[in-house]
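Under the working numbering, the residues of the sequence shown are numbered 4 to 641, in order.
For every residue, glycine included, the Cβ atom is placed at its ideal position computed from N, Cα and C.
Please read these numbers as outputs of a predicted model, since none were measured by experiment.
The structure appears below as structure tokens.
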Amino acid sequence: MNPNDVNAQPTDSIETTDFDTLVDKAISRRSLLKGAMATGIVGFFTLSPMAKAVADTMASSKLIGFEGIPASTEDAIKLPQGYRHTVLMAWGDPVLPGAPAFDHSGKQTAKDQAMQFGDNTDGMTLFHLKDEAGNIIPDRAVLAVNNEYTNNKIVISADETGSAEDVAKLQAAHGVTIVELKRDSNHQWHYVKDSKMNRRLHANSEFEITGPAAGHDLLKTMADKTGTKALGTINNCANGQTPWETYLTCEENFHNYFGASDAEKLPAELAEFYGAKADESKNKWWKYDDRFDLAKNPNEANRFGWVVEIDPFDPTSTPKKRTALGRIKHENAEVVVNGDGHIVVYMGDDERGEHIYRFVSKNKYQPNNPSANRDLLDEGTLYVAKFNGELGEHDGKGEWIALVHGQNGLTKENGFADQASILVNTRKAAKHVKATTMDRPEWITHNPSTGQVFCTLTNNKHRGNKENQPLNAANPRQSNHYGQIIRWSAAGNDHTADTFVWDLFLLAGNPTVHPDTLYAGSKNITADNMFNSPDGIGFDKGGRLWVLTDGDMSNEGDFAGQGNNQMLCADPSTAEIRRFLVGPVGCEVTGLTFADDNRAMFVGIQHPTKGFPDYLDGGKPRSSILVITREDGGVIGA
Numbered sequence: 004m005n006p007n008d009v010n011a012q013p014t015d016s017i018e019t020t021d022f023d024t025l026v027d028k029a030i031s032r033r034s035l036l037k038g039a040m041a042t043g044i045v046g047f048f049t050l051s052p053m054a055k056a057v058a059d060t061m062a063s064s065k066l067i068g069f070e071g072i073p074a075s076t077e078d079a080i081k082l083p084q085g086y087r088h089t090v091l092m093a094w095g096d097p098v099l100p101g102a103p104a105f106d107h108s109g110k111q112t113a114k115d116q117a118m119q120f121g122d123n124t125d126g127m128t129l130f131h132l133k134d135e136a137g138n139i140i141p142d143r144a145v146l147a148v149n150n151e152y153t154n155n156k157i158v159i160s161a162d163e164t165g166s167a168e169d170v171a172k173l174q175a176a177h178g179v180t181i182v183e184l185k186r187d188s189n190h191q192w193h194y195v196k197d198s199k200m201n202r203r204l205h206a207n208s209e210f211e212i213t214g215p216a217a218g219h220d221l222l223k224t225m226a227d228k229t230g231t232k233a234l235g236t237i238n239n240c241a242n243g244q245t246p247w248e249t250y251l252t253c254e255e256n257f258h259n260y261f262g263a264s265d266a267e268k269l270p271a272e273l274a275e276f277y278g279a280k281a282d283e284s285k286n287k288w289w290k291y292d293d294r295f296d297l298a299k300n301p302n303e304a305n306r307f308g309w310v311v312e313i314d315p316f317d318p319t320s321t322p323k324k325r326t327a328l329g330r331i332k333h334e335n336a337e338v339v340v341n342g343d344g345h346i347v348v349y350m351g352d353d354e355r356g357e358h359i360y361r362f363v364s365k366n367k368y369q370p371n372n373p374s375a376n377r378d379l380l381d382e383g384t385l386y387v388a389k390f391n392g393e394l395g396e397h398d399g400k401g402e403w404i405a406l407v408h409g410q411n412g413l414t415k416e417n418g419f420a421d422q423a424s425i426l427v428n429t430r431k432a433a434k435h436v437k438a439t440t441m442d443r444p445e446w447i448t449h450n451p452s453t454g455q456v457f458c459t460l461t462n463n464k465h466r467g468n469k470e471n472q473p474l475n476a477a478n479p480r481q482s483n484h485y486g487q488i489i490r491w492s493a494a495g496n497d498h499t500a501d502t503f504v505w506d507l508f509l510l511a512g513n514p515t516v517h518p519d520t521l522y523a524g525s526k527n528i529t530a531d532n533m534f535n536s537p538d539g540i541g542f543d544k545g546g547r548l549w550v551l552t553d554g555d556m557s558n559e560g561d562f563a564g565q566g567n568n569q570m571l572c573a574d575p576s577t578a579e580i581r582r583f584l585v586g587p588v589g590c591e592v593t594g595l596t597f598a599d600d601n602r603a604m605f606v607g608i609q610h611p612t613k614g615f616p617d618y619l620d621g622g623k624p625r626s627s628i629l630v631i632t633r634e635d636g637g638v639i640g641a
């Protein structure tokens, strides 16, 4: 995710006895923080019994087989002994037929960029190709990658746009890139530059709007009077993957591209709930492209902020914006097939004081009937989470509140005309039902072995300082510098249940700067593995939990000794954490996917600020995708 966009934001009946027993145990054996909360001083942090995690003596993980590496401030990729990396592709590399090679001079055109890999790689998913019998082809795949935003000074050699060509080039660098991959005889992955499967989707590509809000007046524009045909996808942050093998890309900070030539015509709800400004000055697309001028096209912004479903295997298909999943600043979309066949999608809204959501499909997944699954995400119920618990305790119960017209006060009298208006203004609805405000909910993942769901809460300088963001059990630290990871278990392990129990898997922190305080972090955070701002998160097939960071790299004050952004590996059973990768100067480490055999990891390096990866005199730093392998060909992390 882009720290320049979000960190500066001003906007702000259970029948299962096993579940009841779990709650009773969690409540009876609270964190030792409880008694120290009034003073903010605590010797250590103990996770709840739901975790089965940190005992008095930390158990050594049987899952994690590498030695953790130290923090680093070097402009280089750092990995454990026995691991290596290659650069799969970087911003500007040719993708489509006829695309030119990247030119460090910066003189390439918008037309060139539309055929090249976009900027600032983020969430990604690897889809293996299959043979006629449906078996995975281990050495061939398609990789779908988000291109979240642009570093304007690098892409157009200026801080601000100054022409229509500048805007067109930046628009072409956004969106999604899809490329075919092959693994060679030396077990190295490469992308296929001339593949017919390669595709670029950007701010001017065609998309279909589907679901309950499709065709609504709020989505109609002068160019599209049907409210069903949109141009473009922008600020594509993280991602998701469906069991029917489609890619979900999530639109996040869409407001940054809109302004208004007449401030009085700026839509009030867009300004209040999504942070839009008439005088948006960072990108200035609205000055050179009327589509992004809200005074001229007040509904255009309503066509962004959705989860978009893409068929990665068919470059001729039209991607679909799935309105049933709500319009927020989406981070990722974690898809779970519930035990009864319903599809559940967990989603975070990445801004300080926003919320965590869940979508439950109306119909069930049919593994042997692919055509029946294609529109499962168009019908269902959207919910928002409420985390209950007493301040000073770091576990509790939670509930899902339905965002359905006519329920929970979501009525015409309260400003919600119909279901479509709830979905277009999802944040307004969540606040009306008094959902819990969170410390920037980012990526969500679930453990297929246990059903537990994990969500990174990156940081929040407003926590405890703004009236609408008081301290609460799930977000316990004022001016939260470091972030935390929250997790929950659904009642009866049923992801469609209305209730759950939750706890904090970890508090990030700095035990060397803040010993014996809540800001030291949880017990599993030490001087050897400390970090701040957990962002990306995901499980591999072996059950290892991977955590990627997007935080403060100053290595000063609160962040002294924490180094560059990094990736860590955690054992969800013992809560042991080891640092696996450190990125180059200025980057965010983001995006994570694996080859089917777990012998290759793909990870993104976003917005490096020095020479990476080419290290040329006068050359431009480029966001890149790495392929990480073991020198002995073994499983990553084992």
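Under a three-way DSSP split, which group does residue i fall into?
i, result
"H193", "strand"
"N463", "strand"
"D296", "strand"
"F390", "strand"
"R2", "There is simply no residue 2 to check, as the chain begins at 4 and stops at 641 in what is shown."
"P624", "coil"
"Y260", "helix"
"R547", "coil"
"A433", "helix"
"V606", "strand"
"V158", "helix"
"T632", "strand"
"W288", "helix"
"A375", "helix"
"Y277", "helix"
"Y250", "strand"
"V338", "strand"
"V347", "strand"
"A104", "coil"
"L406", "coil"
"Q422", "helix"
"Q487", "strand"
"Q455", "coil"
When the distance is taken between beta carbons, is residue j closer than 9 angstroms to residue i?
i, j, result
"Q119", "R203", "yes"
"D561", "H484", "yes"
"K332", "N256", "yes"
"N154", "G126", "no"
"P575", "Q455", "yes"
"G637", "K469", "no"
"G230", "G218", "yes"
"A511", "I488", "yes"
"L251", "E168", "no"
"R582", "F534", "yes"
"L269", "R325", "no"
"T552", "L571", "yes"
"R143", "L184", "yes"
"T448", "L548", "yes"
"G554", "G467", "no"
Find the nearest neighbour of residue i within the set the options, judged by alpha-carbon distance.
i, options, result
"N371", "W247, G351, A336, G541", "W247"
"A433", "F503, G383, Y360, G495", "Y360"
"T577", "N527, D543, C253", "N527"
"N532", "F503, G566, I540", "G566"
"W289", "L173, G308, Q244, K389", "L173"
"S364", "G351, P373, D352, D378", "D378"
"F615", "C590, E267, I159, S320", "C590"
"Q369", "G342, H358, Y386", "G342"
Can you name the start and end residues of the beta strand (DSSP E) that residue i belongs to?
i, result
"V98", "Counting along the chain, V98 falls outside any beta strand (DSSP E), and DSSP gives it neither H nor E."
"E445", "444-449"
"Q569", "569-573"
"I331", "First-last for I331: undefined, no H or E at that position."
"D142", "139-150"
So residue i and residue j are supposed to be a Cβ contact under 8 angstroms. How far apart are they, rounded?
i, j, result
"A74", "V585", "7 angstroms"
"D292", "V170", "6 angstroms"
"D233", "I212", "A small correction: the amino acid at residue 233 is Ala; Asp does not occupy that position in the sequence shown. Contact holds; Cβ gap of about 5 angstroms."
"N286", "T164", "6 angstroms"
Shorter than 9 angstroms from the beta carbon of residue i to some beta carbon of chain D?
i, result
"W309", "No chain D is present in this structure, which holds just one protein chain."
For the alpha helix (DSSP H) containing residue i, list its first residue and its last residue.
i, result
"E168", "167-175"
"D115", "113-116"
Sorry if obvious, but does the Cβ on residue i come closer than 8 angstroms to a heavy atom of the ligand SAH?
i, result
"V182", "Among the ligands in the structure shown, none appear at all, so the ligand SAH cannot be discussed."
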